[in-house]
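Asks:
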């Protein structure tokens, strides 16, 4: 029944797809995922020591080689794999944990909430980066550690947002109605409330992924990741190690830096899009602006457009 | 006023619990780390591991075989007395000595840029939310979002290379010039500002967009409220409505963000400090971690946590001051 | 914002640090803020460079370039009573920087402080010393518990502290010695801020007319990248930092003044093979691994061609004089020879499957982890090359990085399969071979061993070590070392990778007479104390 | 001679959408004469508020004024410059806004908000401004000590008075009152209206009064205009409208709510021929109390919301719980449905407690037997699910109907509550239905489990007046057809009078008075009940505002 043409999901998805910002973001992200997935089949071996170190872009190596004579294009493309994997895995886990803890905390009031919201708040005020640095240096480096550390330091923010939205939904009548009809609490959370939080969950996921990509790259740049793997963070770590800036070999750090920026920006665009789609006022206002002469728009004074029909 | 005192005390109670949680975490994490700091130091300096020497050293470092709980108690006790122990990497310097100057520089740099970034971002957010049709609203958010999408250290390195190295507009590092004497004198203050300028600018650049967007979004919600419509109906001037009615309300939720951000910024200054050789505590932390200098690590983590908690409490007080609804 | 504008304007004028040329600006240790500690005995090594060799001085300085001990605070030494007593003749006329005279009393006192505070005895001198006595103002007698000639190095290179100051210090372990009194060329702390400190001349230095430069300046730099920037912008005169592509990054910017010298130290970086591992215990496997490695590529990729592939003997550069003349009759096991590697592995019973990977007899994949310290990028790069090389002969080797603490703990406890690491260093190859093959430091897996991480010993070597320790005769010593080399090549206890270079750069715009390949009076690197004392007293203003 | 304060001519307002624009106001014209009270009535979506906001030109996006003139002082507001717009606001027209409770800036004091207007539009400064501010407060009977209070420190009624004071600050010729009392309790509403009428007499301004409640307007308006779907359907003198009006819609509005006093109208809301109640109460509430705690270090506060309430409900009975906001009536509903736990007291269903009162987990059996209909029909349905889902879930949960018969049963239920054809409605989402339709779905959901007891918590207060009676009809009919027992919770004494058999009047969490519905209406014993009845009866304004005049005597005669 829920896949009816007018289902709120369908409308939401259509809204996103029609949103210029969101669709741009989605296309970029899929492009990167596609490249990352195909990477090993279309590029040279990113770890092979192929050529003279720090040779500039050429036909043989489109983006030149790095300080060890490895192909930068191949490194950039295959670096996307682990970076995006860790980023999105962290995003999903942060949302799941946030939804679980924030959801339970917001749904049940009383002691459970007291305890969980204290937990959330404690993690919120705990300085994340030092904790990350300490944990990342302690655990064996690798994607699992990175994910774990990023989730541990990043879940609280989402849990807090989800908790507060859960609390508003919790007091809504449709939840009371479900309780009165004898529905299980878990079922109410999962079937009744979570679908209503879809856009929050989606934008939380995106926000958490942006955070995870950024923080991950930062940790790896500090040498706290597994620098023997090829990721965007380690690419930059090596670029800095080989002093790409001082040798003037821009091709060594620009492609990866730009890729990170484009992916984060694309995710931000999707979030802008979600924001616009979820906020009917923004859509209405945008349409309104497009359809009336610009010079009549003044804050707080309704325009008079007499020939408008 | 009783109500607000009550509120402040309750928040304070929470911060105590948070501080305790952080302290506890702080105690256990290093102890879970593999390796014996004394052995590590010997290995680093290529010494020979004679048990007598190791034990003598362990003793002077205060590493005992006491049961964990006992260690935990004495740890809490000494922290309450303001004793953070002796650094291992900087042996025999007390941790407090090492941290104090670094902390000041970090607070100066991070606080300086956070305040500028927050004020400027909030102002820009207010303006673009108000002038929705302006060019500013269609260009500024995406541009800043794009700039903010770059990894911070990447931008900072490029900025340092271009503006510090190639163009020599800014110094390459350090908190003040070598030719000035630290103290309350004009050359030193100017030099400190000059040295903080580039790191601060990069920090502001990447964080500005966030503040602007969050203020813009809250402003837009606020602009939809009845009291704004009512203010419009009252025929008040645009500026008055924008600042006194809309921004004045919209800024309140942002304050909380400000308190949180202070924590992020204090610890996030780590990358800035490394790239700009800034003598703050972020880099110290990294070094402590690498040298397995537990006491220093703990001390740094603790001071950062406490700084964040204190900042949040001040934000609570500020909100109490700015938002009459919180004081009954 | 106005302030910014002013500051920027102000900044344009002040590109280079004009005041700096009153002194030599040095980078030796990565720091972000200085802590005032000038305790030369400090066990944690937390004292500021150049405390142990600059403010304080040792009795002799080993010059790695010439391979000789140069008399410094002592003039001469002699072994007595069947090498059980060592007597040193102390230099006369040396004064402490506070004007007090220096004497043999100070030397004896220094060693006795270490005896009292075992935490200070990082080189375990009192493991073989019985007594240190000042016989007169100029003679110190070291009495040994047992004959141990190699112990000379630890005694000769000990920095000597002033008795009249230090006998008032209750706890020399924790003493930070903020205002040092030393015999060295630079002793006066002119300025000490958290980001910069300055060290001035010793007014009473015993080498007349030296040092030439008024003061040394130490700014903080946290990373090699910062150091490089400072070098390039002329804000550093002397540094001991690793710079990648140094010709392109550094020299090319000012070929006249930007100099570097990365001489080999004589020591070697190893790919340690844990010989307690059932597979690696087979010498054929260890040698196969060695043959499989393309050291030229390792050196090129991991070390920017700054060094050379390891010598069969495990020592090179200034240590080459110890090479046995019979080496050409021995197995050249450090060449790149995959064919031989494959042969050895087939021989040992590890056969390739259709994917080209080898298996043990009971069907397990032949695979190892190479453990490296995270962040030690040259080694990580090298390990990556090794891993690829090994794959070519059918061995799967995964590079795993660990934090230093975790790594050293695994190494010491023998909880690794393959690892890149250093080996014991000394003034002769004896130290290396003892670390490689002596049972003295052998510990079972799980117990902490400070050397011999790969856990190998051979009885014939043990007797050679005992002989070596008892003799002070140069010919005997040489003979023993030749034999040890042959044993090393035969048993391949661990796989030498490449010769270890030292890092040093200098800017000759304002100063001259730095050591160089043309004038190798010492190594240029400030990282080698007390050898850097030679540089401190010889560098001059231009 | 034209002594109109404002003349609206052919006003048209569009809401811009991605598709065709929505005509919110379509060709509306009327004039308001000096000194009159002009009433504008309409239900939600009729465009009445749009008209007044268009007049002020404060309509937010996506509205555009597309045609017409608004003439004040011989000037067309729709063609003057933006600066002129700002100047005419408040000087010529002020407004008391719809949701007046939110119209005050929460971070400014009363004084600051009044003085902002004075500063902007007059030359009053310093002492003079303060004096004027104090004067305004005393006009609306608020103590001067409240001058430096923040809005949240004032009660709803006081906030509304402050907004009126702001509207009076410059004494404009026309004051618009846009549903100024909708969010207030009846008694407060009546007091404020009386105050407005009194002030008008004293100060002589003109009022444009906007409301959805025609009966309220007929109490005091001189002329009344009725709007529907953006158009004016009727405009006439109040007396004429009162006597029936011309338009069908007008008549429907007039009949929408009966009076709480006077003789009972016949034919409204059928009752069973004979009310035979069992002896055994189906629901018994004993000494029920609920307190909420505000923990604090110095002054832990406990607020008693429900205080020692006991009553019985017998099978087949409709009992009305009547009270204003804060009376605890909704809390009682939540307690009986066990959405919250009582602090003390007992709830018995069919004579047994079944651990209902104290259990954290309520027995499923109880969930089947007690159902609830909520106030907000949109909020009580989940927008992500279809009507079918809403009805099917509880049935599946309680396994009342075999799955193959589920669909037919649901269709039948929908048609029972008047949603025909049921198959069409089953597939709809909440946002595709009107408020009345949604409430019918909610009732069908409650009925589908064949519960013993239905708690209806203000089931009509969020609906347009014209369909309220239809919804109450369903309850009345279902009671007869299915012998339902209903606890009907409302703030509106009149609807309780017609639907319920017995009425319980609540105030501050306690029962004030209890009795057979008609008896209670005709001869209330308590003063509070009397007040409530009076407030809900026609002619209340006279009885209030004539308190101090000689006409009071006339009334007595």
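Residue numbers (this note's numbering), protein chains in the order written: chain A, 31 to 339; chain B, -9 to 318; chain C, 55 to 596; chain D, 160 to 716.
Every residue gets a Cβ at the ideal spot worked out from N, C-alpha and C, and that includes glycine.
These numbers were taken from a predicted model, which means no experiment stands behind them.
Give me whichever residues DSSP pairs with residue 125 of chain C in a beta bridge.
Replies: Beta-bridge pairing links residue 125 of chain C to C:114.
Asks: Mind checking who residue 550 of chain C pairs with in its DSSP beta bridge?
Replies: Bridge partners of residue 550 of chain C: C:324.
Asks: Can you name the start and end residues of the alpha helix (DSSP H) that residue 268 of chain C belongs to?
Replies: From DSSP, residue 268 of chain C is part of no alpha helix (DSSP H); its letter is neither H nor E.
Asks: Within 8 Å (strictly less), CB to CB, does residue 249 of chain C reach chain B?
Replies: yes
Asks: Specify, as a first and last residue, the run of the beta strand (DSSP E) that residue 503 of chain D falls within.
Replies: Here the beta strand (DSSP E) through residue 503 of chain D covers 503 to 508.
Asks: Could you please give me the residues that DSSP links to residue 456 of chain C through a beta bridge?
Replies: Assignment of beta-bridge partners to residue 456 of chain C by DSSP yields C:427.
Asks: Thinking just about the alpha-carbon of each residue, which of C:487, C:382, C:438 and C:395 is nearest to the one in residue 473 of chain C?
Replies: It is C:438 whose Cα lies nearest to the Cα of residue 473 of chain C.
Asks: So the candidates are C:235, C:164 and C:141; which of them puts its Cα closest to the Cα of residue 189 of chain C?
Replies: C:141
Asks: What residue ranges within the stretch 271 to 331 of chain C form continuous alpha helix (DSSP H) runs of no fewer than 4 residues, ordered along the chain?
Replies: 278 to 286 and 300 to 303
Asks: Closer than 7 Å by C-beta to residue 312 of chain C: which residues in its own chain qualify, once you throw out the five before and the five after it? Chain order, please.
Replies: 304, 305 and 561
Asks: Would you kindly report the start and end of the unbroken beta strand (DSSP E) that includes residue 336 of chain D?
Replies: 333 to 337
Asks: At a CB distance below 8 Å, what residues from the stretch 218 to 229 of chain B approach chain D? Give them in sequence order.
Replies: 219, 220, 221, 222, 223, 224, 225, 226 and 227
Asks: Can you give me, in chain order, the residues of the stretch 481 to 512 of chain D that have a beta carbon less than 9 Å from any beta carbon in chain A?
Replies: 493, 496, 497 and 498
Asks: Within the 8 Å Cβ cut-off, does residue 108 of chain A reach chain D?
Replies: no
Asks: Give the single residue among D:470, D:500, D:208 and D:526 whose Cα lies nearest to the Cα of residue 368 of chain D.
Replies: D:208
Asks: Check the Cβ of residue 73 of chain B against every Cβ in chain C and list those closer than 8 Å, keeping chain order.
Replies: Those do not exist, as residue 73 of chain B stays about 14 Å from chain C at its closest Cβ, beyond 8 Å.
Asks: Given that residue 531 of chain D touches chain G, what residues does it touch there, using C-beta distances under 8 Å?
Replies: Annotation note: the requested chain G is absent from the structure, which comprises protein chains A, B, C and D.
Asks: So if I threshold CB-CB distances at 8 Å, which residues from the stretch 411 to 433 of chain C count as touching chain A?
Replies: Those would be 426, 428, 429 and 431, in chain order.
Asks: Would you please state the rounded distance, in angstroms, between the beta carbons of residue 663 of chain D and residue 451 of chain D? I believe it to be under 8 Å.
Replies: In fact, because the Cβ distance is near 22 Å, the residues do not count as touching under 8 Å.
Asks: Can you list, in chain order, the residues of the stretch 87 to 107 of chain A whose Cβ is nearer than 8 Å to any Cβ on chain C?
Replies: 97, 98 and 99
Asks: Tell me which residue opens and which closes the beta strand (DSSP E) that residue 616 of chain D is part of.
Replies: 612 to 616
Asks: Can you give me the Cβ contacts of residue 94 of chain B inside the same chain, cut-off strictly under 6 Å, excluding the 5 residues immediately before and after it?
Replies: Cβ within range, chain order: n/a, list empty.
Asks: Just the C-alpha distance for residue 569 of chain C and residue 352 of chain C, rounded to the nearest angstrom, thanks.
Replies: Cα-Cα distance, rounded: 28 Å.
Asks: Could you say if the stretch 196 to 208 of chain A and the stretch 155 to 162 of chain A meet the contact criterion of at least three C-beta pairs nearer than 8 Å?
Replies: no
Asks: Between residue 331 of chain C and residue 66 of chain A, what straight-line distance do the alpha-carbon atoms span, to the nearest angstrom?
Replies: 38 Å
Asks: Following the continuous beta strand (DSSP E) through residue 309 of chain A, name the residue where it begins and the one where it ends.
Replies: No beta strand (DSSP E) holds residue 309 of chain A; DSSP gives it neither H nor E.
Asks: Any Cβ of chain A within less than 8 Å of the Cβ of residue 326 of chain D?
Replies: Residue 326 of chain D does not count as touching chain A.
Asks: Using 8 Å as the threshold, is the C-beta distance between residue 93 of chain C and residue 256 of chain C below it?
Replies: no
Asks: Checking contacts by CB at 8 Å: is residue 309 of chain C closer than that to chain A?
Replies: no
Asks: Could you tell me the distance, in whole angstroms, from the CA atom of residue 115 of chain B to the CA atom of residue 276 of chain D?
Replies: When rounded, the distance between both Cα atoms is 27 Å.
Asks: Within 8 Å, do at least three Cβ pairs link the stretch 123 to 141 of chain B to the stretch 190 to 208 of chain B?
Replies: yes
Asks: Which same chain residues end up closer than 7 Å to residue 247 of chain B when comparing Cβ atoms and leaving out the 5 residues on each side of it in sequence?
Replies: 204
Asks: If we define contact as Cβ-Cβ less than 8 Å, is residue 302 of chain B a contact residue for chain A?
Replies: yes
Asks: Comparing the C-beta of residue 91 of chain B with each C-beta of chain C, is any distance below 8 Å?
Replies: yes
Asks: Is residue 260 of chain A helix, strand or coil by DSSP?
Replies: coil
Asks: Quick check: the Cα distance between residue 243 of chain A and residue 290 of chain A, rounded to an integer number of angstroms?
Replies: 8 Å
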